[in-house]
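S.K.: Dropping the structure in here first, questions after.
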Amino acid sequence: MKVINLVGDRFKERPSEASVDSHALMLRGGYMKFVGSGLYSQLPPLKRICQKIERVIREEMDAIDGQEVLFPVVMPAALWQESGRYISVGAELARFEDRSGTPMVLGMTHEEAAVSLVREYGQTYTRYPFMVYQIQTKFRDEPRPRAGLIRVREFTMKDAYSFHTSQEDLEAYYARAHEAYESIYKRCGLPQVISVASDSGMMGGKVAHEFMLLTPIGEDSIAVCSCGYSANVEAAPAIFENTATGAVERELVDTPHIATIEDICKRFKVGFAQTCKAVVYQERGTLKYVVVFLRGDVEANETKIRNFLKTEIFPAAIDENSPLFAGSIGPVNLPENVTALYDSSLKGLENLICGANVSEKHFTGVSLSRDVGNVEYGDFAKAQSGGICPKCGQTTLAIERGIEVGNIFQLGTKYSESMNMRYSAQDGSLQTPIMGCYGIGVGRLAASVCEVSRDDYGPIWPISIAPWEVELVCLRPDDAETHAVADELYSELQAAGLEVIYDDRAMSAGAVFAEADLLGCPVRLVISPKNLKADALELVTRDKIVKTTVTRENAVSETAQLVVKLYTEIHGK
RNA sequence: CGGGGUUUAGCGCAGUUGGUAGCGCGCGUGCUUUGGGAGCAUGAGGCCGGGAGUUCGAGUCUCCCAACUCCGACCA
């Protein structure tokens, strides 16, 4: 490929809509073009990168006995009604009607399609276990796309579905999938990706892991500890230890215009941890109030609350008609018909300041065990930086940001059960298969690599996914001899089996190099009248680690050797 | 869904008290240049996001709408 024929523009100025560096570089480098919110077209360099990532994924999926299939993007709503998700999933599922008025959906994931594909095939235990996967377009009508390819509405995803006859077999396969994922990230140049325990959310099932690339631009919060523990903040247990202070007398105090924890701390001159915070939700549907009490310095974790209640909740609207007084809600004398949840951060506290459930009044000296009685504590809080690590018990928990570059779930029987998939076991009984599912977003992975592997001038692609392995640069193509030699080298490099992008445009050297940096090819061979005269062609890597000169004679073999060396570094051998 | 910002040439932006639109980059042509986004000359390129209003006259003032974007909420 010659740069002069490469469709797409590379330009100097940072696009105003890009707040994330990788996004800006991929627009500036002619990798993609904005089409609509969360919708992008891919230009040849990005398309090539994604194809290489897909190749890596295919090899790893095939290596764990996966079989590639293809589900339709458009599915009848009836299929999603079988699992119940046509109702339970929100507006991110695109719904429409076909010409005959039949309700349809755009696939945002394919559990239903997978079950319907293998429901008949999997009627006997002899055919288990098996895994099918596809690499295909997904559409999710995200409320807030951001950061270029990091969060989009339409994207290419590898999604895999495995089927098993026992939990043990699922777990064994899950471990293999976990290893395959680690291998994928390593081969794509992201060995630093970690797996963290995650909440399984609406997917159902219990055990789940997310693969996270830790970076400040990530949108997920992850609790990590130096002992090796890591979990999504949604799933990380929040552990607290309170030392007994001894009970004191309870007093009702007037607190006009005092509603926030901050106000209370100022008024009573105490720390946040000596107050009791009330966070109010309502159950979707019943509108029943749920009050979660937490220590004043602790944040509520809605995912944990949702999982505990097994129902959808949303932040409550408190007005004159509600039995609760905003700013003065407390555990003592709580109105009836309100569900109260107590976070374990309050356990053992005996001298709390709480709302009194009377307008503009608070209690001091509240002891939950004395004043409320038998309180059951649960984990409804977000793990905090400096909190207690659930694994090693030290107060060394840190909260970091990460991009989720993949996830794996032990689904269980949620879909096989609801969609009535059964097989005959060896003993003749009818059983429900156990499923796992495994996803990776291809474009997000490409953008993640760009985010962590770049400099001020452009991306630095790992050779395994680079759009081209080598960029051949001819400076001064107006010099006939130089141009002729460069043309020869172009043919010879291609003949040697290398992927070459060749820039022989008559532009200033600065412009040529700037555009080459934006393309980010790992190896660059530069030819100019100057170095040709000295028989010292320049061979450099994009990251500037290797900088050497080669003769015209051995230029091709040296370049090929450097390419092999870079592959070896990634594959570890 | 809540709060902010933006919308003028392909891109980045300016546009004063209201008087019919400009700069830089990029693009075409010619000449000169040539190792980190070169110089001169010349040219093309605009429904000033959409609609309604005020006015003799609106990019500019008023109202409505839309799109994009950032923060939050939400998120398999």
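Add 46 to the 1-based position in the first sequence for the working numbering, that's all there is to it. Glycine residues also receive a C-beta, built at the ideal position from the N, C-alpha and C atoms.
(1) Relative to the alpha-carbon of Glu527, which residue among Ser574, Asn347 and Asp266 has its alpha-carbon at the smallest distance?
(2) Quick one: Cα of Val609 to Cα of Cys567, how far?
(3) Mind checking which residues open and close the alpha helix (DSSP H) that includes Leu139?
(4) Nearest by alpha-carbon distance to Asn28: which of Val336, Ala346, Glu396 and Lys428 is it?
(5) Our contact map puts Val516 next to Val546 with C-beta atoms below 8 Å; I'd like the distance itself, whole angstroms only.
(6) Considering just the uninterrupted stretch of the beta strand (DSSP E) at Ser87, what are its terminal residues?
(7) Can you name the start and end residues of the beta strand (DSSP E) that Ser276 belongs to?
(8) With a 10 Å radius around its C-beta and 16 neighbouring C-beta atoms as the bar for buried, classify Gly432 as buried or exposed.
(9) Kindly provide the ranges of any alpha helix (DSSP H) runs that are 4 or more residues long and lie completely inside the stretch 255 to 317, ordered along the chain.
(10) According to DSSP, simplified to helix, strand and coil, what is Gln472?
(11) Please go through the same chain and pick out, in chain order, the residues whose beta-carbon is closer than 6 Å to the beta-carbon of Ile454, but skip the five residues on each side of it.
(12) For Glu599, count neighbouring C-beta atoms within 10 Å of its own C-beta (all shown protein chains included) and say buried if the count is 16 or more, exposed if not.
(13) Whose C-beta lies closer than 6 Å to the C-beta of Pro513 among residues of the same chain, with five residues either side of it excluded?
(14) Going by alpha carbons, who is nearest to Ile445 out of Val279, Leu333, Leu340 and Ser405?
(15) Please report the distance separating the alpha-carbon of Ala402 from that of Leu298.
(16) For the beta strand (DSSP E) containing Val120, name the first residue and the last one.
(17) Would you call the CB atoms of Gln182 and Tyr469 closer than 8 Å?
(18) Mind listing, in chain order, the continuous beta strand (DSSP E) runs of no fewer than 3 residues lying wholly within the stretch 509 to 571?
(19) Can you list, in chain order, the residues of its chain whose CB lies under 8 Å from that of Glu143, leaving out five sequence neighbours each side?
(20) What span of residues does the beta strand (DSSP E) with Thr594 cover, start to end?
(21) Going by beta carbon distance, what residues of the same chain come within less than 6 Å of Met154, once the five residues before and after it are set aside?
(22) Could you check whether Ile240 and Ser276 sit closer than 8 Å to each other, using their CB atoms as the reference points?
(23) Could you please give me the residues that DSSP links to Ser241 through a beta bridge?
(24) Let me make sure I understand the geometry here. Which of Cys234, Leu52, Glu157 and Leu539 has the alpha-carbon closest to that of Glu615?
(25) Quick one: what does DSSP say Cys483 is sitting in, helix, strand or coil?
(26) Using 8 Å for Cβ pairs, my map puts Tyr167 next to Thr211. What's the rounded Cβ distance?
(27) Between the alpha carbons of Thr595 and Thr441, how many angstroms are there, rounded?
(28) Using a Cβ-Cβ cut-off of 6 Å (strictly less than) and excluding sequence neighbours within five positions of Phe371, which residues of its own chain qualify?
(29) Helix, strand or coil for Leu612 per DSSP?
(30) Which residues bound the beta strand (DSSP E) around Cys322?
M.R.: In short, the structure shows the following:
(1) Per the Cα distances, Ser574.
(2) 11 Å
(3) Element bounds for Leu139: n/a, residue is neither H nor E.
(4) Any question about residue 28 goes unanswered here, given that the chain covers just 47 to 619.
(5) 5 Å
(6) Segment Leu85 to Gln88, the beta strand (DSSP E) holding Ser87.
(7) Ser276 to Asn278
(8) Exposed, by the Cβ-count rule.
(9) 307 to 314
(10) coil
(11) Ala223, His255 and Tyr484
(12) exposed
(13) Pro91, Arg94 and Ile95
(14) Val279
(15) 7 Å
(16) Its beta strand (DSSP E) spans residues Val120 to Pro122.
(17) Not closer than 8 Å, so no.
(18) 516 to 520 and 546 to 549
(19) The beta carbon of Glu143 sits closer than 8 Å to those of Pro149 and Met150, all from its chain and outside the five residues before and after it, given in chain order.
(20) Residue range Lys593 to Val596 is occupied by the beta strand (DSSP E) that includes Thr594.
(21) Leu139, Lys184 and Arg186
(22) yes
(23) Phe257
(24) Cys234
(25) strand
(26) That belief does not hold up - the Cβ atoms of Tyr167 and Thr211 are roughly 14 Å apart, past 8 Å.
(27) If I take the Cα positions, the gap works out to 53 Å.
(28) Ser405
(29) Of the three classes helix, strand and coil, the one that applies to Leu612 here is helix, per DSSP.
(30) Cys322 to Glu329
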